[in-house]
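Notes follow once the structure below has been shown.
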Amino acid sequence: MKKTIFTLMTLVALVMCGCEHGPNDPGGNGNNTNPDEPTIDITPYLGKYLMSRHTELSINVLGMFSFPLDKDLDVEMVTVKSDPAVENGVIISNNDALYLHGIVDIDGLHLENDTVNMVIDTTIGNYPINFGVSVSMAHPIIQPPVNGIMEWTSIASGSASTTVLGIPINAVLTGDMRYKTILSH
Numbered sequence: 062m063k064k065t066i067f068t069l070m071t072l073v074a075l076v077m078c079g080c081e082h083g084p085n086d087p088g089g090n091g092n093n094t095n096p097d098e099p100t101i102d103i104t105p106y107l108g109k110y111l112m113s114r115h116t117e118l119s120i121n122v123l124g125m126f127s128f129p130l131d132k133d134l135d136v137e138m139v140t141v142k143s144d145p146a147v148e149n150g151v152i153i154s155n156n157d158a159l160y161l162h163g164i165v166d167i168d169g170l171h172l173e174n175d176t177v178n179m180v181i182d183t184t185i186g187n188y189p190i191n192f193g194v195s196v197s198m199a200h201p202i203i204q205p206p207v208n209g210i211m212e213w214t215s216i217a218s219g220s221a222s223t224t225v226l227g228i229p230i231n232a233v234l235t236g237d238m239r240y241k242t243i244l245s246h
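One point on numbering: in this note's numbering, the residue at position 101 of the sequence shown is 162, and numbering is uninterrupted.
So, in structure tokens, the structure goes:
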């Protein structure tokens, strides 16, 4: 009788253990994947792109006057590669100072915000002025390239400073920068 009760208890324990499901595996098929979770693919973003940049800024000087700055920046070769330290991460870089991290999810590529420093030579009236500019860029969610073309518009805000006739002048910048790939490799 003891052997029969022991055998029955063992069978009940085995049946109960065999029917247990994991938290992500309601069907009990043993592969612990959630079928509702989409697969993220970063490969459409990866590669080398010849990219153009166009900036449209409004520069407000001392709150007294403002002038627009509408300028095409140099075309540059940009590389997008996977970030080995972050799941679904990418690194965008060029031969200059561009080095951005981003993460791809179901909505697209989320780039970290960055700061662009540049020098602008311009003329106001007959006076040549050289501005040191620091612009923070807030990037939108970037969709995967279509036919090798990837484009987005980032919001720019920042400051500029110069010295005119020994007088320091500060300015506030607002506007945007448009990025567009011309060619992908």
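The C-beta atom is built at its ideal place from N, Cα and C for all residues, glycine as well.
Owing to the predicted nature of the structure, the values given are computational and were not obtained by experimental measurement.
Task: Secondary structure of Y240, DSSP reduced to three states - done: strand
Task: Nearest-angstrom Cα separation, counted from E98 out to P87 - done: At P87 the pLDDT is 49, less than 50, meaning the model places this residue with poor confidence and gives no usable figure here.
Task: Buried or exposed (CB count within 10 angstroms, at least 16 for buried), Y188 - done: exposed
Task: P87, DSSP secondary structure in three states - done: Confidence in P87 is poor, its pLDDT being 49 and thus under 50, which makes the residue's placement too unreliable to answer from.
- [ ] From the DSSP output, read off the bridge partner residues of L134.
- [x] According to DSSP, L134 bridges with R114.
Open item on the list: What does DSSP give as the partner residue(s) for I202 in the beta ladder?
Closed with: H171
TODO: Tell whether a beta-carbon distance below 7 Å holds between S119 and P129.
DONE: yes
Task: Check whether M179 and V194 have beta carbons under 7 Å apart - done: yes
Task: Residue environment, I202, which counts as buried when at least 16 other CB atoms sit within 10 Å - done: Flag for I202 reads exposed.
Open item on the list: Using a Cβ-Cβ cutoff of less than 7 Å, which residues in the same chain neighbour V233 once the five nearest sequence positions on both sides are dropped?
Closed with: N121, S220
TODO: Identify the continuous beta strand (DSSP E) that holds V151 and give its terminal residues.
DONE: 150-154
Open item on the list: At the level of alpha carbons, what is the spacing between L226 and F192?
Closed with: Cα to Cα, the separation comes out at about 14 Å.
Open item on the list: Checking 7 Å against the spacing of the C-beta atoms, do E117 and D131 come in under that value?
Closed with: yes
Task: 7 Å Cβ cutoff met for Y110 and T242 - done: yes
Open item on the list: Just to confirm, is the Cβ distance from E173 to H162 under 7 Å?
Closed with: yes
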